[in-house]
Every structure is written in structure tokens, then in C-alpha cells.
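Worksheet for the structure shown next.
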Amino acid sequence: MKTERYMPCDEKRPSLGADPLGSIKGGKTLNEEINKIRELLDKIEKKNDVSEDSLHGTFDYFELPQIIASVIDFLQPLLSPYESVIYWFLFRHSIIETADRYIRVSNSQIAQGIGSKFKSGDKVKVASDKAISDNLRCLMEKKVIVIVGDTNRDGTLYKINLPEEIELCIERMKKSRVENTCHVEQKKDLDYYNIAENRLLIFERDGYVCYKCRKQLTRFSATLDHIQPVSQGGDNSYSNLITCCLHCNSSRGAKPIMEQFTSDSKVF
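In this note's numbering, the protein residues as written are 329 to 596.
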């Protein structure tokens with residue numbers, strides 16, 4: 329005997345022509361809500377799609393002490409006091425605060441931010457717009473900062489460069505490497521691949537330049553390549569690692585490094 333499901337008299341069956349994704353609370357259809365969610369997911373995906381050169385927030389906070397030391401050793405001696413304090417203001421509110429090397433800021437915000445650094449007695453001296461503009465221009469001429477976007481009501485979008493990207497600093501870093509080469513301990517039992525501070529020693533030794541395509545890299549885009557592949561007995565020692573860009577590293581695969589050169593027209 330077939331049993332029919334009991335249905336209260338006040339419960340209405342949906343009509344066959346009704347939209348299964350029909351209206352929901354607020355007058356919006358479920359289709360509209362789904363489309364809205366898809367749009368939000370697309371925005372999130374695009375926001376998180378970071379290319380090799382965009383470099384938004386890609387460095388490890390454990391590297392911050394080395395970055396600051398590099399700025400102090402190689403960049404600050406090249407800046408005037410005013411240029412230096414503006415750079416540190418931008419550095420503080422970009423790299424330190426948000427792990428992002430891009431910051432949108434106005435001249436007035438910079439003037440207010442660095443005003444406390446220049447005091448006359450108990451009175452804070454706020455820098456003039458001309459003084460800020462002149463020193464920002466000097467920083468741009470030295471390639472310390474770069475304008476990467478249009479100016480709007482919130483200010484100008486700047487990219488804050490690090491010493492390994494600034495030509496003036498690169499020369500000082502090369503000289504320092506030559507002077508300190510003899511102090512580098514090249515023990516085979518040290519891991520220069522997995523330990524962050526040891527990786528930086530390889531990058532600095534090679535001047536942040538890809539051994540194959542000669543592209544100038546930064547700590548954000550540089551990778552390490554094994555001269556003798558690990559699959560063929562290579563280790564993570566200082567002498568078996570070399571700086572490489574991501575593209576050249578991935579294209580080489582597990583081939584021995586000399587085979588890579590002989591199969592390519594570029595000469596090391």
C-alpha cells in the first residue's frame with residue numbers, strides 16, 4: 329500500500345514554474361546573491377595574484393633586521409639629514425607597518441609625520457611644502473623612491489626601494505663584499521639554502537644578479553640554484569649555490585649547470 333507524505337493544509341507546494349533560485353529576504357534573488365559572491369571572490373583572487381615584480385608584502389619579517397642594517401650601512405651615508413628622515417618615515421609606514429613597499433602619502437602628511445624630528449625647544453617645526461618637495465625630488469633622482477601611480481586627494485603613490493635596487497648603494501655593497509670575502513666561512517656542513525641569513529650571503533656575494541640572464545634581482549625576486557643538482561649528489565654549501573631568477577631556475581630543471589650553458593647561446 330502506497331503511503332502519501334502528510335502535508336499540513338497551510339503548507340503550499342511550489343508551482344512547477346517557480347524559480348528554484350527564487351526570491352530571498354530583502355527582495356534579492358539567490359542568483360543575484362551568488363553573482364555578488366562570485367564578484368567578491370574574483371576581486372580577492374586578483375588582489376592576491378602577486379607577480380614576481382609586484383612584490384607586495386613578500387618578504388619575511390625575520391629579514392627586517394638585515395634590511396634595516398643594509399639601509400644604515402649602504403644608503404643612509406649617501407643621504408642628507410632631511411632626505412634620511414623622509415626615507416625613514418616612508419620606510420616606517422610601508423615596509424615595517426604593512427610589509428608593503430608601496431605607500432600613498434601627501435606632502436602635508438610627510439611634513440606632519442617628520443615634524444616631531446625637528447624641534448626648536450618645545451615647539452615642533454613643521455617642514456614647508458617646498459622643503460618636502462625638494463627632498464622628495466632628490467630621493468627620486470637618487471632612485472631611492474619611485475613614483476608608480478597618479479596623485480589623487482590621498483597623495484602620491486611611491487615605491488620604496490631597498491639598497492640592493494639602488495645603483496649608488498650597489499657600488500658600495502660590491503666594495504664591501506670584496507673587502508669581506510676572506511671572512512666568509514665556506515664550511516660544507518653549513519646550510520646556505522634553507523637558512524634565511526645564509527641565503528642573503530649568497531645573494532650579496534653575487535650582487536643580486538642572475539648568473540644566467542644577468543637580470544638585476546632583489547631579495548624579493550632572487551632564488552638560489554644548485555650548481556651540482558641535489559639529485560646528483562650536490563649539497564647546500566656556500567660553493568654549490570648561485571643566485572638565479574625564478575624563470576631561469578625553473579627552466580633549468582635538474583640539468584647540470586654546465587649543460588645549461590652549453591645548450592644556450594648565452595655565455596657565463
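Built from N, CA and C at the ideal position, the CB exists for glycine as well.
* Residue of S434, K503, C573, Q560 minimising C-alpha distance to I480 -> Numbered from its first residue, the sequence shown carries residue 480 at position 152. Here the sequence assigns Asn to residue 480, which means Ile is not the residue at that position. Closest option to N480, Cα to Cα, is S434.
* To do: Measure the CB-CB distance between R547 and F531 and report whether it falls below 8 Å.
  => Locating residue 547 in the sequence shown gives position 219, counting from the first residue. Locating residue 531 in the sequence shown gives position 203, counting from the first residue. Against a cut-off of 8 Å, the Cβ pair of F531 and R547 comes out as a contact.
* Return the Cβ separation of I414 and I438 in integer angstroms, given the expectation that the two are a contact with Cβ distance under 8 Å. => Here the question's residue 414 lines up with position 86 in the sequence shown. Here the question's residue 438 lines up with position 110 in the sequence shown. That pair is a contact at about 6 Å.
* If you compare alpha carbons, which of N564, K503, I488 is closest to D401? -> Position 73 of the sequence shown, counted from the start, is the residue given in the question as residue 401. Per the Cα distances, K503.
* Where does A550 sit, in a helix, a strand or coil, going by DSSP? -> For the purposes of this step, residue 550 is identified with residue 222 of the sequence shown, where counting begins at 1. Residue state, collapsed to three classes: strand.
* Give every residue of the same chain whose Cβ lies closer than 8 Å to the Cβ of L383, excluding the five residues on either side of it in the sequence, and list them in chain order. => Taking the sequence shown and counting its residues from 1, the one referred to as residue 383 is at position 55. At L383, the pLDDT of 41 sits below 50, so the modelled position is not reliable and the matter cannot be decided from this model.
* To do: Spatial neighbours of N489 within its chain, please: CB distance less than 7 Å, with the 5 preceding and 5 following residues excluded, ordered by chain position.
  => Here residue 489 refers to the residue found at position 161 when the sequence shown is read from its first residue. Only K471, V472, I473, V474 meet the Cβ criterion.
* Per DSSP, R432 is paired with what? -> As a first step, residue 432 must be located in the sequence shown, where it is residue number 104. According to DSSP, R432 bridges with L485.
* To do: For the beta strand (DSSP E) holding C572, just list the boundary residues, first then last.
  => Residue 572 sits at position 244 when you count from the first residue of the sequence shown. Start and end: 569-573.
* Asked: Can you check whether the CB of L403 is closer than 8 Å to the CB of C497?
  -> The residue given as residue 497 occupies position 169 in the sequence shown. The residue given as residue 403 occupies position 75 in the sequence shown. Result yes, Cβ atoms of C497 and L403 sit closer than 8 Å.
* Asked: Does DSSP put Q556 in a helix, a strand or coil?
  -> Working through the sequence shown from its first residue, we reach residue 556 at position 228. Correct three-state label for Q556: coil.
* To do: Note the first and the last residue of the continuous alpha helix (DSSP H) segment covering I395.
  => Translated into the one-based positions of the sequence shown, residue 395 becomes position 67. 392-398 is the extent of the alpha helix (DSSP H) around I395.
* Separation of I523 from H566, as counted between CA atoms -> Walking along the sequence shown from the start, residue 566 turns up at place 238. Walking along the sequence shown from the start, residue 523 turns up at place 195. Inspection of the sequence shows that residue 566 is occupied by Tyr rather than by His. Approximately 12 Å between the Cα atoms of the pair.
* Of the residues G561, R432, E391, I555, the one placed nearest L485, counting alpha carbons only -> Here residue 485 is taken as the residue at index 157 of the sequence shown, counted from 1. For L485, the nearest C-alpha among the options comes from R432.
* To do: May I ask you to report which of helix, strand or coil DSSP gives V537?
  => Mapped onto the sequence shown, residue 537 falls at position 209. Three-state DSSP puts V537 in a strand.
* If G562 and I570 are in contact, beta carbons under 8 Å, what's the gap, nearest whole angstrom? -> The residue given as residue 562 occupies position 234 in the sequence shown. The residue given as residue 570 occupies position 242 in the sequence shown. No, G562 and I570 are not in contact; Cβ-Cβ is about 11 Å, not under 8 Å.
* What is the rounded straight-line gap between the Cα of P408 and the Cα of Y521? -> Position 80 of the sequence shown, counted from the first residue, corresponds to residue 408. Position 193 of the sequence shown, counted from the first residue, corresponds to residue 521. Going by the sequence as given, residue 408 is Ser instead of Pro. Near 37 Å, if we compare the C-alpha coordinates of Y521 and S408.
* To do: Please report how far the alpha carbon of Y539 lies from the alpha carbon of S412, in whole angstroms.
  => Start at 1 with the first residue of the sequence shown, and residue 539 comes out as number 211. Start at 1 with the first residue of the sequence shown, and residue 412 comes out as number 84. One C-alpha to the other measures close to 33 Å.
* Sort S398, I362, D519 by Cα distance to I494 and report the nearest one. => The sequence position of residue 494 within the sequence shown is 166, counting from 1. When each option's Cα is compared against that of I494, the closest is S398.
* Other residues of its chain near A455: CB distance less than 6 Å, five sequence neighbours each side excluded -> Position 127 of the sequence shown, counted from the first residue, corresponds to residue 455. Closer than 6 Å at the Cβ level, and outside the excluded window around A455, lie A439.
* **Alpha-carbon spacing of M468 relative to E360, whole angstroms** => Position 140 of the sequence shown, counted from the start, is the residue given in the question as residue 468. Position 32 of the sequence shown, counted from the start, is the residue given in the question as residue 360. Computed Cα separation, rounded: 48 Å.
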